[in-house]
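Take a look at the structure below.
Number of protein chains: 2
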Amino acid sequence: MRKLFLPIVFACSLPALTMAQQSDSLMLRRIADEVLTHSPAYENLRTLTKKIGGRLAGSPQMAKAEKWGVEALKVAGADTVYLQECMVPHWVRGAREEARIISRRRDFVPPLQVLALGNSVGSSPAGVTAPVLEVTSFDDLEAKKDHVKGKIVFYNYPFNPTFIKTFHAYGDAVQYRGQGASRAAKYGAVAVIVRSMSHSTDNYPHTGAMTYDSAYPKIPAVAIGLKDAERLSLRVKDDPSAQVFLRTNCRMLPDTIGHNVIAELRGSKYPDQYITVGGHLDSWDVSEGAQDDGAGCVQSIEVLRAFKALGIQPARTLRVVLFANEENGTRGARKYAAEAKARNEKHIFALESDAGGFTPRGFSSTMDADKKAIMISWKPLFEPYGLHDFEEPGGGTDVGQLHQALGTPMAELYPDSQRYFDIHHAPNDVFEGVNKRELELGAFGMAGLIYMVDLNF
Amino acid sequence: MRKLFLPIVFACSLPALTMAQQSDSLMLRRIADEVLTHSPAYENLRTLTKKIGGRLAGSPQMAKAEKWGVEALKVAGADTVYLQECMVPHWVRGAREEARIISRRRDFVPPLQVLALGNSVGSSPAGVTAPVLEVTSFDDLEAKKDHVKGKIVFYNYPFNPTFIKTFHAYGDAVQYRGQGASRAAKYGAVAVIVRSMSHSTDNYPHTGAMTYDSAYPKIPAVAIGLKDAERLSLRVKDDPSAQVFLRTNCRMLPDTIGHNVIAELRGSKYPDQYITVGGHLDSWDVSEGAQDDGAGCVQSIEVLRAFKALGIQPARTLRVVLFANEENGTRGARKYAAEAKARNEKHIFALESDAGGFTPRGFSSTMDADKKAIMISWKPLFEPYGLHDFEEPGGGTDVGQLHQALGTPMAELYPDSQRYFDIHHAPNDVFEGVNKRELELGAFGMAGLIYMVDLNF
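Going line by line, the protein sequences match chains A and B. Under our numbering, think of the first position of the first sequence as 1, with each following residue one higher. Under our numbering, think of the first position of the second sequence as 1001, with each following residue one higher.
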C-alpha cells in the first residue's frame, strides 16, 4: 500500500477528559515520547539474550544474568540496587534428549524432536522402549486405564484455536503438561509424551514445568512439537505394534542459592510505601528467554529509567524486581512476598510483565472493586496508545505471591497474545522475534499505569 | 511464564447486548470459529508468495498471480469468476542498482544498499557521480537551494517514532519519496537518495512509488536503508569532499495489459446491489508481497469461502476484487470504479485490506455520519475479538476510487501497525513474517463487518 495518510494532531483524537485527566494525558504523552525515542530496553534485551542466553534457576547463566541486572538497574538511575537471596530448585537437562519411533516396517522414520519437561526425572541410561497409548484428554485416559500399564502415554490434546486470547487456550491445555505424568503413572505408564501447548506452524517442542504427585512413581515426561505429534498419532493408528524409544538425561539436584535483583527509586512523600514492577530473570534453558521474560525485565527497568529521565519522582518508593525462578518454582516471588510480610511493608500496587513484549492491549488485574473502577476510568487516557482492555481478570505469577501474602492490588501487562504460544518455552523464543516498538509501547504502558497508580491509589 | 489461566466461557464476557445483537453475536462467533479452524488463507498466501513471489504490474509474475487468483476464488466457492482488463504502467527495474561512497581517504567503505524508486528513470549506463547535499526536510532544501546544482540530494528525514499509529508517521514522511526528486531537480540536482520510510532496526531499503513533476528534468531516485542513511550522513559531515557513485537501470516501458480478478457470490435478495471486498494482487518486484498485499488478497478470498462454508448467502452480491496495479498506478481500482459508474451499478459498501495481515485492531472508514454511527454501534460485537478501534477516518487506496466515483461508503481493516513499516516495500516482506492466526483474525473481522453491513446498510 502506498496511500498518503494525513497525520492527526494527537490531542484532537482524545475523548473529552476532565481537567485532571488533561494533565495526566500530557504526562503520559511525555512518558511515551521519552520511551519511544530514547529507550535502551531493546539493546538491553539484546545483551541479556545474546550475551547470556537461556538462564534456568541454578545455572551459571542465571548468575551472569543477576550481575547484568544489577548493572542495568544502576545505569537506569536507581537510588539503590541489591540482591535478595533465596533457595531455588536446581533442575538440569543433562545431555540432549532423544526419541524415535520403532516400527516393524522397514521404512525410514525420522527421530522425534522432544524436550524433557522441567522438573521431570530422566529415564534409565538405556532409555525406555514401550508401545504408545494415545489419549486425547484425561477422560479418555480414564476410559482406557486398563490399557495403560507398561505403555508410554501420549497426550495429544490440541490447543484450541477458537479462544481469541490465546492464554485461555493455554489455561485449557496446560494440565496435561503439569499433571499428565502422575495421572498416567497411577495406571502403570512408564513415560509420557505431551503435545506442546502451541498452535504454531513449526515443529519446535515447548517445554515447561511439571509436578509429580508423590503417591505415584516418577516417570519420564517430554514435550513433542505439533508436526511430530501428528506424525506419531498417524503412525500408532496405522501400526499399533509401533513402539517409541525415549531417553532423557535430566535430574533434580539439591536446592541452590539464587537471587531476586531489586532496585529502588525512593518515594518523595511516602518512602516506606511500595509500588513493585517486575518480570522474571530466569528462563528455560533451551531458549534465549526473549519474550519470556527478558522482555518483562527490560520493560521494568525502563519504567525506572523513564521516570528518572523525566524527573518524575514517585510519591511512593518504586521497586523494580527481577524475580528469580519463576519457571520452575516461583521461589523468588515467594521470598519477596515473605520478606515483605515479615517486615510489615506497606505495598500499594504490584505490576508484572510476563506475557511477552508484543504490542500492549491493556492490563489484566485483581484488586477490590473500587480500585478496579478507578483503573478502568483511566482507559480513555491509554486508548490513544492502543491499550483498551482494562477489564480482564488476572495478575502475574510473581506479583501473585505478594497479592496472596498481603492482598496487594496487582496487574499484569496484557500484550497481544497471538504470537506468544508460537515461541513460549521453545528454542525459537529468541531476540529476533521481539519488535523494538512493541517492546517499548509495553514499557510505556507500564510506566503510565504506575504513574497513575502512584497519584491515585 | 507458566501460570494457569482459567478459560472464560465466551458468552459471559460479552457486554449487555440487544436481542438482535445477541443473534449477531452468535453468527460472528460461528464465523470466527470457521475461519480460525478451517481457513486455507495462510496456505493460499504461501502459494502466492513462495511459488509466484514479487509481482509488479506488467511482470510475468503478475500474470501468474492472476491465474492463481482465478483458481483460488473458484476453489473458495464463487458463483462466478472473471477478469476485468485494464491498461497498466510497465516499469522495470533492470539489472540491480548500485551505489557507493567515494572518499579521498583510503579506508574501505562498504557499498550502500539502495533500491530505485518505482516509476523513476535510470541513470546513464555510466552512472552518476557527484557530491552529496544532505537535507532534513523540504524547508531545509529551500534554505540550501543555491547549493543544490550538480549535487545528489540526500533526504534524511527520520520516521517519527512518537506517532503511535505508524501510518501517521508514514503520512508524515512519504512526501520525500513521492516528490523529492522533482523538488531537487528544480534546483539542478542530478539524483536523489531518500531515507526509507521505516523505523526498522535493519538496513533494508524500502522502495515505493514516486512521481515526476513534468516541469523539471527527470533524475534518478533511490531509497536507502536506515543504517546506510546514518553512515552516509556521518560520512558527508566528516568528509565534505566525499562523493557518491550511483547507477540505476530502471525504465518505464509502454503501458501493457493487466487485470483485476473479480469473483461474485450472488445476492439472494438484491443481486444487483454490490458489496466489494478486496486487496491488491500486485506487489513490488523486490519482495514477496506477503503483508503488502498478499495478506489482503487471501483474507478477501476467505470472506467468500467462510460465507459459503457456513451457508451464509448475503442479500447483496458480494464481490471479491483482487486489484491490479495498486503500487504504481492504481489503474485496476480506477477501472473498477469507472466500470461501476458506466454501468450505473449500486454499490452499498466497499472494504479493503491493505495495511498488513497483523492482528486486527478495528477499521478505518469514510461514510456519512449516520452510517458511521451504525458501524460504531457494532463495536461491542467485535471487541471480544480484539477489534476495538472503529473511529479512525480513512479507507483503502483501491476502494477509495469507488468512493470517489460513486460516494460508496468505504472501510479498511486496521491491523496493529507496529511491524508494518519494518517490511513495507522491502525485500523482507516475506511469508515468514506473517502469523497464521493474525491473518485469520483479520479475515474474520472483514467477514464479520460485511455480514453486519449486508444486514444493516
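Note that beta-carbon positions come from the ideal geometry of N, C-alpha and C, so glycine has one too. Please read these numbers as outputs of a predicted model, since none were measured by experiment.
Between residue 206(A) and residue 223(A), the C-beta spacing is below 8 Å. Pairing residue 273(A) with residue 1236(B), the inter-Cα distance amounts to about 54 Å. As the crow flies, the alpha-carbon of residue 1041(B) is around 5 Å from that of residue 1298(B). Contact between residue 446(A) and residue 303(A) holds, with the beta-carbon distance rounding to 5 Å and staying under 8 Å.
Sixteen is the threshold: since fewer than 16 other Cβ atoms of the shown chains lie within 10 Å of the Cβ of residue 215(A), the residue is exposed.
In this structure, residue 323(A) lies away from residue 362(A), with their beta-carbon atoms at least 8 Å apart. A Cβ of chain B is located within less than 8 Å of the beta carbon of residue 161(A).
Interface with chain A (8 Å Cβ-Cβ cutoff): residue 1230(B) is excluded. The alpha-carbon of residue 387(A) is positioned some 29 Å away from that of residue 336(A). Taking 8 Å as the CB threshold, residue 386(A) lines the interface with chain B.
In this structure, residue 204(A) lies away from residue 149(A), with their beta-carbon atoms at least 8 Å apart. Segment contact: the segment 1308-1318 of chain B against the segment 1251-1267 of chain B, three or more CB-CB distances shorter than 8 Å; contact assigned. As summarised for the segment 1410-1455 of chain B, the continuous alpha helix (DSSP H) elements at least 4 residues long and confined to that stretch are 1420-1423, given in chain order. In this structure residue 1026(B) is exposed. Its beta-carbon is surrounded by fewer than 16 other beta-carbon atoms within 10 angstroms.
DSSP assignment within the segment 106-188 of chain A yields the following whole alpha helix (DSSP H) runs of 4 residues or more, N-terminal first: 138-143, 166-173 and 175-185.
Between residue 1332(B) and residue 1086(B), the CB-CB gap stays under 8 Å. In the structure shown, the three-state DSSP call for residue 42(A) is helix. Contact of residue 1418(B) with chain A is assigned, a C-beta pair being separated by under 8 Å.
The Cβ-Cβ distance between residue 325(A) and residue 88(A) falls below 8 Å. Of the other Cβ atoms in all chains shown, 16 or more fall within 10 Å of the Cβ of residue 1348(B); this residue is therefore buried. Checking the DSSP bridge columns, you'll see residue 1346(B) partnered with 1273(B).
Burial state of residue 67(A) is exposed, judged by a 10 Å Cβ sphere holding fewer than 16 other Cβ atoms. Distances from the CA of residue 1281(B) to each of 1052(B), 1194(B), 1034(B) and 1134(B) were compared; the closest alpha carbon is that of 1052(B). For residue 1201(B), the residues of chain A that pass the 7 Å Cβ criterion are 436, in the order they occur in the chain. No residue range can be given for residue 219(A), since it is assigned to no beta strand (DSSP E) and is classified by DSSP as neither H nor E.
Looking at the backbone, the Cα of residue 278(A) and that of residue 1292(B) are separated by about 37 Å. Assignment of residue 1059(B) by DSSP, reduced to helix, strand and coil, places it in the coil class. Interface with chain A (8 Å Cβ-Cβ cutoff): residue 1406(B) is excluded. With a contact defined as Cβ atoms closer than 8 Å, residue 242(A) and residue 135(A) miss out at about 16 Å. Contact between residue 100(A) and residue 112(A) holds: their C-beta atoms lie close to 6 Å from each other, under 8 Å. DSSP places residue 1210(B) in the coil class of the three-state scheme, outside both helix and strand. Residue 279(A) carries a strand assignment under DSSP once its states are collapsed to helix, strand and coil. Interface flag for residue 350(A) against chain B is unset, since no Cβ pair is found closer than 8 Å.
Close to residue 1164(B), with beta-carbon spacing below 7 Å, are these residues of chain A in chain order: 384, 385 and 386. Within the segment 1027-1039 of chain B, those residues whose Cβ lies closer than 8 Å to any Cβ of chain A are, in chain order, 1032, 1033, 1036 and 1037. Contact between residue 1290(B) and residue 1049(B) is confirmed by a C-beta separation of about 5 Å, below the 8 Å threshold.
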